[in-house]
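Protein sequence lines correspond, in order, to chains A and B.
Positions 20 to 225 (my numbering) are the ones given, in order, by the first sequence.
Positions 260 to 377 (my numbering) are the ones given, in order, by the second sequence.
Have a look at the structure below, then the notes.
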Amino acid sequence: MQQYTTPYGYSLGNDNSEQRKDNTLPTHSAMNQFLSHIERQAFRIAQISTGSREDALDLVQDSMMSLVKNYADKNPDEWGALFHRILQSKIRDFYRRSKVRNKIKGWLGFGQKDDEYADVDPIQLAADLQTKNPQDMLINEDSGKALDQAIRNLPLRQQQAFLLRNWQAMSEAQTAAAMSCSAGSVKTHYSRAIKSLRAQLEEHKQ
Amino acid sequence: MNQHDDFLKQTKQQLDDSAKHLDAATLSRLNQARQAALQNKQKPAWFQSLLIPAAITAALSILIINQWMLPSNNEPAINLAQQQMPANDLELLTSNTEFEMLEELDFINWLMEEENAG
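The structure is reproduced here in C-alpha cells:
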C-alpha cells in the first residue's frame, strides 16, 4: 500500500488517485482520515478568531461539509489548502456578520490604526471589546491563554497570516490562496503580526 | 537559533499543545461534525442531482393543476371556463389523464357554447 503524504504532514495511507472518481470507500476513508487530522487545529483557529467555542464548532462543521460536498473528488494533496480557504472565508463572513457591532466599536475609537488601513473595513481593525489585555492574564500565568488573547487582538488578516504561515506551515502562496489576497499582502500581514505579538507578549512577561 | 525563530517555535508549540489537549466535549462535537459531513457525501450522486428538480416539478404541477381545475372562492364556476385553457397544455401537464377531469372539461365547454348561443 503506497503511503501518500500531504504537504501538511499527514499520511493518508494509500494512493486514492485512481479510485477517487467513483466515490468508493477508499475516498471516504481518506477524507475521514484527513478531516480527523485537521479538525482540532481547525477548531482552534476558528476559536481564536471568533473567541467563541460554539461559533468555532459551527464554522468547522460548515467548512467540513463544504469541502466534502464540493471537493471530495479533488486530489487529496489539495484538500488542506482547500479546507483552509473555505474555513478562512467563513471566518471572514462571520466577521462581516458582526459588522454592526464592530462599527460601533470603531465609532468609540477602536478603528483605524494608521493611514494604510484608511480604506479597510473597520472589522478588519477592531479588537474585540471583550478582549482582555494580555497583561491581565498575569493572574493566570497561562502563556497559552495569553497567546490566544494576543492573537485575537490582532486584525483578522494578521491573525490569518500568522496562524496559516507559522502554525499550519503553509507557504506564502498557499496562504495567499487561503486568504484570497496576494503573496505580498501575506508577507506584510505576517511580519506585522509577529511584531505585534512579540510586543504584546513581552509586556505580558514583565 | 535567534530570538525570532525561538519565538515562532515557542508559539507554534503552544498552539500544538492547545490543539492536543481539547476537552472531551469539544472532541465529541468535532467527531459528530465530521461524521455529518461524510454522511452527506455518501448519498448517491443521482439522488442529489434528481431530488431537487423532481421536487420542483411536482410542486409546480400541483400548483398549476389546482389553479386551473379548482374555482376560486370569489368567482363563479363559469368564469373558470372563460380562462380559455388550451387543451394541449392540459395534455402536457397531465399525461396520466383522469376521466373525471375530462368530463368536467366537457361540461364547462358545453356551458360556454350554451352561453354563446343564448
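By construction, the Cβ of each residue, glycine as well, lies at the ideal position given by its N, Cα and C atoms.
What you are looking at is a predicted structure, and each value in this text was computed from that prediction instead of being measured.
Short CB-CB distance (under 8 angstroms) between residue i and chain A
i	result
B/D264	no
B/N382	Nothing about residue 382 of chain B can be read from this structure; chain B reaches only from 260 to 377.
B/S287	no
B/A283	no
B/A295	yes
B/A278	yes
B/A317	no
B/L274	yes
B/A314	no
B/L370	no
B/L267	yes
Interface flag, residue i vs chain B, CB-CB below 8 angstroms
i	result
A/G163	yes
A/K88	yes
A/R211	no
A/Q168	no
A/N94	no
A/H208	no
A/H47	yes
A/R217	yes
A/N172	no
Length of the line joining the Cα atoms of residue i and residue j
i	j	result
B/K271	A/Q177	16 angstroms
B/N375	B/M328	22 angstroms
B/S287	B/I324	49 angstroms
A/S71	B/L322	45 angstroms
B/S277	A/A165	12 angstroms
A/E58	B/N261	32 angstroms
A/A65	A/Q107	8 angstroms
A/A49	A/P95	8 angstroms
A/P45	A/K93	14 angstroms
A/S215	B/P312	53 angstroms
A/W186	B/D275	8 angstroms
B/N299	A/N51	12 angstroms
B/L289	B/L364	60 angstroms
A/D77	A/A218	32 angstroms
B/F366	B/A318	28 angstroms
B/A284	B/D264	35 angstroms
A/S199	B/A314	36 angstroms
Close Cβ partners of residue i (< 8 angstroms) along its chain, the five nearest in sequence each way excluded
i	result
A/I67	D167, I170, R171, Q178, L182
A/E97	Y90
Contacts around residue i, its chain only, beta-carbon distance under 6 angstroms, and the 5 residues preceding and following it disregarded
i	result
A/R184	T194, Y209
A/S190	none
A/L127	none
A/A212	L173, Q177, A180, F181
A/F62	A75, V79
B/E373	none
Cβ-based neighbour list, residue i, same chain, cut-off 7 angstroms, excluding 5 preceding and 5 following
i	result
A/D81	K109
A/M83	L54
A/K206	E191
A/L101	L86, Y90, K93
B/Q326	none
B/R293	none
A/I105	S82, S85, L86
Cβ distance (whole Å) where residue i is taken to contact residue j below 8 angstroms
i	j	result
A/H103	A/A202	Actually they do not touch by this definition, with Cβ atoms about 15 angstroms apart.
B/Q269	A/G163	No, B/Q269 and A/G163 are not in contact; Cβ-Cβ is about 11 angstroms, not under 8 angstroms.
A/R111	A/L175	7 angstroms
B/L297	A/H47	6 angstroms
Name the residues in the region 177 to 206 of chain A whose C-beta lies less than 7 angstroms from a C-beta of chain B; which are they?
Cβ contacts with chain B come from N185, W186.
For the region 55 to 66 of chain A, which residues have a beta carbon sitting closer than 7 angstroms to at least one beta carbon of chain B?
Of all residues in the region 55 to 66 of chain A, only S55, E58, R59, Q60, F62, R63 place a beta-carbon less than 7 angstroms from a beta-carbon of chain B.
Residues in the region 71 to 84 of chain A having any Cβ partner in chain B nearer than 8 angstroms:
R72, L76, V79, Q80, M83, M84
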